[in-house]
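The numbering of the sequence shown is my numbering, which starts it at 113 and goes up by one. Don't be surprised by glycine CBs; every beta carbon is placed ideally from N, CA and C. Down below is the structure, laid out as structure tokens.
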Amino acid sequence: MKNIVLTGFMGAGKTSVARELSSRLGMKIVDMDDEIEKEQGMTINDIFARFGEERFRELESEMAKKVSGLSGAVISTGGGIVLRKENITHLRTNGHVVCLMVSPEAVLKRTSGSDVRPLLNVNDPLGKIKELLDHRMPFYKNADIIIETDDRSPRQVADEIIEELKWKE
Ligand code: S3P
Numbered sequence: 113m114k115n116i117v118l119t120g121f122m123g124a125g126k127t128s129v130a131r132e133l134s135s136r137l138g139m140k141i142v143d144m145d146d147e148i149e150k151e152q153g154m155t156i157n158d159i160f161a162r163f164g165e166e167r168f169r170e171l172e173s174e175m176a177k178k179v180s181g182l183s184g185a186v187i188s189t190g191g192g193i194v195l196r197k198e199n200i201t202h203l204r205t206n207g208h209v210v211c212l213m214v215s216p217e218a219v220l221k222r223t224s225g226s227d228v229r230p231l232l233n234v235n236d237p238l239g240k241i242k243e244l245l246d247h248r249m250p251f252y253k254n255a256d257i258i259i260e261t262d263d264r265s266p267r268q269v270a271d272e273i274i275e276e277l278k279w280k281e
């Protein structure tokens with residue numbers, strides 16, 4: 113059985129939507145950032161602070177290869193997974209790639225009050241969100257299924273994904 117691979121920017125709702133899909137479809141959840149944290153024995157924040165973003169991207173690519181071997185899982189990726197083309201190539205070998213789209217304003221609303229995302233711990237988070245989103249948009253658009261998430265609950269987003277997947281089986 114194919115995996116469902118959730119991509120999209122920070123705050124797009126990947127984790128909440130993964131939970132919905134998992135309970136509705138009876139599929140296990142694999143959160144790539146959680147797996148990296150478990151494997152490294154430190155938080156994503158610490159990995160960025162101690163070793164830098166490039167090292168994190170390497171760990172992320174290794175994890176993408178590893179989880180691509182799974183089947184029947186909902187795989188929640190980190191927002192930067194699309195930055196390396198090979199990550200998506202691996203994840204797509206046994207998975208439908210679903211991108212959750214979100215506006216910069218919604219990202220700000222959903223992520224403010226949390227400091228677990230090193231890239232957004234800056235003076236002007238909205239400016240940073242816009243810059244990163246602009247750069248990444250062509251890569252996000254390369255997904256098999258694209259879903260808008262602004263003003264929608266994780267349940268509504270999951271409904272739409274399930275509907276779209278019926279045409280892909
Ligand atoms: C990142 C997104 C984060 C995490 C890391 C880098 C990014 O995951 O992987 O902080 O580059 O967009 P979430 O998208 O789950 O917040």
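{"Item": "Select from Asp158, Thr201 and Asp145 the residue whose C-alpha is nearest the C-alpha of Glu172.", "Value": "Asp145"}
{"Item": "Quick check on Pro250: buried or exposed, where buried means 16 or more other Cβ atoms within 10 Å of its Cβ?", "Value": "exposed"}
{"Item": "In the structure shown, what three-state DSSP assignment does Met144 receive?", "Value": "helix"}
{"Item": "State the start and end residues of the unbroken beta strand (DSSP E) segment that holds Met213.", "Value": "Gly207 to Met213"}
{"Item": "Inspect the CB distances between the region 202-209 and the region 128-139 and report whether three or more fall short of 8 Å.", "Value": "no"}
{"Item": "By the three-class DSSP mapping on this structure, what secondary structure does Gly120 have?", "Value": "strand"}
{"Item": "With a cut-off of 6 Å, give the chain-ordered residues whose Cβ is closer than this to any heavy atom of the ligand S3P.", "Value": "Met122, Lys126, Asp145, Ile156, Gly190, Gly191, Gly192, Arg229, Pro230 and Leu231"}
{"Item": "Using only the alpha-carbon positions, how far apart do Ala218 and Ile259 sit?", "Value": "15 Å"}
{"Item": "Compute the Euclidean distance between the alpha carbons of Val117 and Leu203, then round it to the nearest angstrom.", "Value": "7 Å"}
{"Item": "Using alpha carbons as the reference points, say which of Glu165, Asn115, Asn254 and Gly225 lies closest to Met213.", "Value": "Asn254"}
{"Item": "So Ser188 and Ala270 are supposed to be a Cβ contact under 8 Å. How far apart are they, rounded?", "Value": "About 13 Å separates the two Cβ atoms, so there is no contact after all."}
{"Item": "Going straight from the alpha carbon of Gln268 to that of Val179, what length do you get?", "Value": "26 Å"}
{"Item": "Below 9 Å between beta carbons: does that hold for Arg248 and Phe121?", "Value": "yes"}
{"Item": "Identify the continuous alpha helix (DSSP H) that holds Ser135 and give its terminal residues.", "Value": "Lys126 to Leu137"}
{"Item": "For Asn157, name the three-state secondary structure that DSSP assigns.", "Value": "helix"}
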